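I have placed the structure first, in the form of structure tokens, so that the comments after it can refer back to it.
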Amino acid sequence: MVKVRYVERPTLSTVEKIFFIDFVYGLKTTIRNFFRKTITTIYPKEKLVPPKRFRGTHAHRAKDGNEPPSFVVLAKFMEIHDYESRCVACYMCQQACPMPTLFKIEAEQLPNGKKRVTTFDMNLLNCLYCGLCVDACPVDCIIMTDEFENAGERRNQCVIHKDDMTERGISFDRRRGNEPDRIWIDDKAREKLWGQIEWT
Ligand code: SF4
Ligand code: SF4
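Here the sequence shown stands for residues 1366 to 1565, where the numbers follow our numbering.
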């Protein structure tokens, strides 16, 4: 049985009624915050640069000589040229994804016995931006970048393809590859926005 509790509306004294005491109390909070530092930005006029580990639009890292040892082993079975996507079509990203149907990954076998990725599409309309696909990739191919302006007028504009993803990955590594891998841009930027944070 649901118990309903009635709360009596407080009766205001004559002074409270005349001088709007509650209103003044509310205004006190407004005025206090009015003089505080603004932490919001006027988007899109002002844009913050997201930290390197921001979970934005996906990209593919290219075969550029910085691959992990796992890629060196798998690459023997793949037809991948320099500065092409280093995807080996293992489907681990799709397996890890809570919405696996957003991926369309296809590969073909060439006459020389090697495999080549022909399609790698992602429908970002279904993406949760959770990053599980990134963690699952054994060759450090799929990454998430600092790009976040994905709005489009048509649904198919939200489907990204292998070649665009590779270009995005190359651009991201050129722009931000040397930055430390961190959640915040730097401590000063973080403190400016949020003040001192005590980690417990
Ligand atoms: S970020 Fe999450 S939801 Fe989006 S593709 Fe990767 S695993 Fe799937
Ligand atoms: S996990 Fe990496 S290598 Fe495997 S299909 Fe996905 S992007 Fe390609």
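Every residue, glycine too, gets a C-beta built ideally from N, C-alpha and C.
All values reported here derive from a predicted model rather than from experimental measurement.
Here DSSP, grouped into helix, strand and coil, assigns Lys1557 to helix. Looking at Cys1458, Phe1388, Val1453 and Glu1471, the one whose alpha-carbon comes closest to that of Met1509 is Cys1458. The region 1494-1508 makes contact with the region 1422-1440; the number of CB pairs closer than 8 Å reaches 3 or more. Annotation for Ile1525 indicates a beta carbon at 7 Å or more from all heavy atoms of ligand 2.
With the rule of 3 Cβ pairs closer than 8 Å, the region 1480-1492 counts as touching the region 1452-1467. At a threshold of 7 Å, Ile1470 counts as near ligand 2, since its beta carbon sits closer than that to one of the ligand's heavy atoms. In the DSSP assignment, the residues bridged to Met1487 are Phe1468 and Ile1525. Note that the region 1484-1497 does not touch the region 1439-1449; fewer than 3 beta-carbon pairs, one per stretch, sit closer than 8 Å. Here the C-alpha atom of Glu1473 lies approximately 28 Å from the C-alpha atom of Arg1520. Here the region 1515-1531 makes contact with the region 1423-1432; the two share three or more CB pairs at distances below 8 Å. Taking all protein chains in view, the Cβ of Gly1534 is crowded by 16 or more other Cβ atoms within 10 Å, so the residue is classified as buried. Look at which beta carbons fall closer than 6 Å to any heavy atom of ligand 2; those residues are Cys1452, Val1453, Ala1454, Cys1455, Tyr1456, Met1457, Cys1458, Ile1470, Ala1501, Cys1502, Val1504, Cys1506 and Ile1507. Burial check for Leu1467: the Cβ neighbour count within 10 Å reaches 16 or more, so the residue is buried. For Met1443, there is no enclosing beta strand (DSSP E), as DSSP marks it with neither H nor E.
According to the DSSP secondary-structure assignment, Ile1507 is paired through a beta bridge with His1425. Spatial neighbours of Leu1490 in its own chain (CB-CB distance under 6 Å, excluding positions within 5 residues in sequence) are listed in chain order as Cys1523.
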